[in-house]
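Right, one structure below, let's go through it.
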């Protein structure tokens, strides 16, 4: 009956306390303690005790987010007095005041490839099924990490790249797909149909996280089963001629694990793309920055 | 004087007030999935709610009248010492699907106690 949320000692103590109400029936005592455990689970919004594998990596961006949210409170608890930056900005106050939960999703590695998509595209599909149906999504962001290109480029080389984020409206049913069609071109059944969600021009000489608003697509996927979640398609192009970037530039935006770089598995968990959802479970709390 | 001081300290302690209670997530075995904080000051309320109910005891009109009734009828129970103001805490944790969640939970910290 136990969900595992109570320690062995805690459960034993609660069972002995429950005996005062049950007249010694072990089954009733178990039922009482289990009911209490369920209330604890409900309080946390869990269905069972989380049991993370040892060494599970927590994305650094979520740690930064926690620190940014805690603000002065975190600083005072950890005795931080000097200037202190988390390296991560929270979403706008308008969003934060309406939500009380932020979740991070990692994309499904096996779904990265769709037949027929060009080399400078990648699919990022996130399994959103663990999102509780009782929570309302107020915003969702796609976070892509990019690192500065340190290699010397020719003087006349353009450092500007463009990242395009598309929603995949329709994915090919067969594995023989050959093309990606944009917008309303729905002529070929075996093609991928996409819709542009966001686009941004970036300078490849900076390291930072890029954030893209994917709220509409995320809402669609979660609100109706008819809107199948085919994921997002990310395209990286050089802005001057619309060509795909080459060499180092191609690795500049961390979309997938690059076996040619010296980045470790652990580090990859911190830099891989993330989908952040901001939801509200109906309780009167918010993720607004906390003050002492 | 010392006797008097001790007596008044005891009396103060028995009156309804807030006490420290640190919830250590390691103690309850939740440190494996709650990443931050390691614990938090939850506090609790305890103490007497009996005549005279002073200003700082955060009483309601009802508690004052209940106390008055108790003074003339002994079977009327005294008002209860309970949290009157609560605050939220935020936690960073791994849920049952191994997703990292930052969530704010309401009514987790006692900010003030009173007789109700």
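Residue numbers (my numbering), protein chains in the order written: chain A, 1 to 292; chain B, 1 to 116. Just so it is clear, CB atoms sit at the ideal spot from N, CA and C, and this is done for glycine as well. Every value quoted in this text rests on a predicted model; they were computed, and no experiment measured them.
- Here DSSP, grouped into helix, strand and coil, assigns residue 13 (chain A) to helix.
- For residue 208 (chain A), the CB contacts under 7 angstroms within the same chain, skipping 5 residues up- and downstream, are 146 in chain order.
- One finds 96 in chain B with Cβ atoms closer than 8 angstroms to the Cβ of residue 48 (chain A), taken in chain order.
- Closest in alpha carbon position to residue 269 (chain A), among A:286, A:13, A:61 and A:140, is A:61.
- In the DSSP assignment, residue 44 (chain A) falls within the unbroken alpha helix (DSSP H) covering 26-44.
- Apart from sequence neighbours up to five positions away, the residues of its chain that approach residue 107 (chain A) with a beta-carbon distance below 7 angstroms are 124, 125, 126 and 273, ordered along the chain.
- Taking C-beta atoms as the reference points, residue 42 (chain B) and residue 109 (chain B) count as a pair closer than 8 angstroms.
- If you look at residue 217 (chain A), you'll find it in the alpha helix (DSSP H) that goes 215-223.
- Scanning A:101, A:56 and A:4 for the CA closest to the CA of residue 288 (chain A) turns up A:101.
- In the structure shown, the three-state DSSP call for residue 114 (chain A) is coil.
- In the three-state reduction of the DSSP assignment, residue 166 (chain A) falls in the strand class.
- A residue is called buried when at least 16 other Cβ atoms come within 10 angstroms of its Cβ; residue 19 (chain B) does not meet this threshold and is exposed.
- With respect to chain A, the C-beta atom of residue 90 (chain B) has a partner C-beta closer than 8 angstroms.
- By the criterion of at least three beta-carbon pairs nearer than 8 angstroms, the segment 134-144 of chain A is not in contact with the segment 22-39 of chain B.
- In the DSSP annotation of this structure, residue 89 (chain A) is not part of any beta strand (DSSP E), being labelled neither H nor E.
- Not one beta carbon of chain A lies nearer than 8 angstroms to the beta carbon of residue 111 (chain B).
- Shown here, residue 237 (chain A) sits in a strand according to DSSP, grouped into three states.
- Beta-bridge analysis with DSSP links residue 54 (chain B) to no other residue.
- Rounded to the nearest whole angstrom, the CA to CA distance from residue 15 (chain A) to residue 148 (chain A) is 59 angstroms.
- The closest CA to that of residue 144 (chain A), considering only A:212, A:192 and A:96, is found on A:212.
- A residue is called buried when at least 16 other Cβ atoms come within 10 angstroms of its Cβ; residue 65 (chain A) meets this threshold and is buried.
- The Cβ of residue 101 (chain A) sits closer than 8 angstroms to at least one Cβ of chain B.
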